[in-house]
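Everything in the sequence shown is counted per the working numbering, starting at 34 for the first residue and increasing by one. The structure appears right after this line, and notes come after that.
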Amino acid sequence: MTSLKHNGKKRLTSTFKNSTTSRIMRSNKSKNTKLELLFRRALWKNNIKGYRLHWKKAPGSPDIAFPKRKLAVFINGCFWHRCPHCNLDLPKTNTTFWKDKFDRNQERDRRNIQLLNEMQWHVVVLWECMIKSSIEDGVDSVRDALTM
Ligand SMILES: [Zn+2]
Numbered sequence: 034m035t036s037l038k039h040n041g042k043k044r045l046t047s048t049f050k051n052s053t054t055s056r057i058m059r060s061n062k063s064k065n066t067k068l069e070l071l072f073r074r075a076l077w078k079n080n081i082k083g084y085r086l087h088w089k090k091a092p093g094s095p096d097i098a099f100p101k102r103k104l105a106v107f108i109n110g111c112f113w114h115r116c117p118h119c120n121l122d123l124p125k126t127n128t129t130f131w132k133d134k135f136d137r138n139q140e141r142d143r144r145n146i147q148l149l150n151e152m153q154w155h156v157v158v159l160w161e162c163m164i165k166s167s168i169e170d171g172v173d174s175v176r177d178a179l180t181m
């Protein structure tokens, strides 16, 4: 049970305990998600290699970075990054909290892309739903960007 001694943040965490949201929050923090691994395997099969993972030297630590080619690939979860294709509803509880959080995520994404563009990098954003529906399309996007 939530103790009154808990600060707001802790209370929020325990409210979400064992909920779907809690599982999603955990998965957001982990690198090398299933989706990333799946996509990297597809790149490998297509002989697209030589990339760095979660490369900290580029803004936003792109999930997949080709430093020499100045190409950054972000693999975005639709829930966390508010996919424009899925257009998901806000969670019905703690709506204000989620809206603030999503706004910050989107703002961060925009800023990182802007910084990368200023550094003359190409940016490819791959959405979870797109990879799930056609991983080949995602691979093609990366290949196209590499041959530009
Ligand atoms: Zn989506």
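Just so you know, even glycine gets a beta-carbon here, dropped at the ideal spot from N, CA and C.
Exposed unless 16 or more other CB atoms sit within 10 angstroms - verdict on residue i
| i | result |
| --- | --- |
| proline 117 | exposed |
| asparagine 109 | buried |
| glutamate 69 | buried |
| isoleucine 164 | buried |
| aspartate 96 | buried |
| phenylalanine 130 | exposed |
| leucine 149 | buried |
| isoleucine 168 | buried |
| glutamate 151 | exposed |
The beta strand (DSSP E) enclosing residue i, as first and last residue numbers
| i | result |
| --- | --- |
| isoleucine 108 | 104–109 |
| tryptophan 160 | 155–160 |
Where the alpha helix (DSSP H) through residue i begins and ends
| i | result |
| --- | --- |
| alanine 178 | 168–180 |
| isoleucine 97 | From DSSP, isoleucine 97 is part of no alpha helix (DSSP H) but of the beta strand (DSSP E) over 97–99. |
| lysine 67 | 67–78 |
| asparagine 120 | Counting along the chain, asparagine 120 falls outside any alpha helix (DSSP H), and DSSP gives it neither H nor E. |
| lysine 132 | 128–151 |
CB of residue i within 7 angstroms of CB of residue j, strictly
| i | j | result |
| --- | --- | --- |
| tryptophan 160 | cysteine 111 | yes |
| arginine 115 | glutamine 139 | yes |
| histidine 87 | lysine 67 | no |
| proline 92 | asparagine 145 | yes |
| valine 158 | phenylalanine 107 | yes |
| leucine 123 | lysine 134 | no |
Expected contact under 8 angstroms - CB spacing of residue i and residue j to nearest Å
| i | j | result |
| --- | --- | --- |
| valine 172 | alanine 75 | 5 angstroms |
Any residue with its C-beta under 6 angstroms from a non-hydrogen atom of ligand 1 counts. Can you list them all in chain order? Those residues whose C-beta sits under 6 angstroms from the nearest heavy atom of ligand 1 are, from N- to C-terminal order along the chain, Cys111, Cys116, His118, Cys119, Trp160, Glu161, Cys162.
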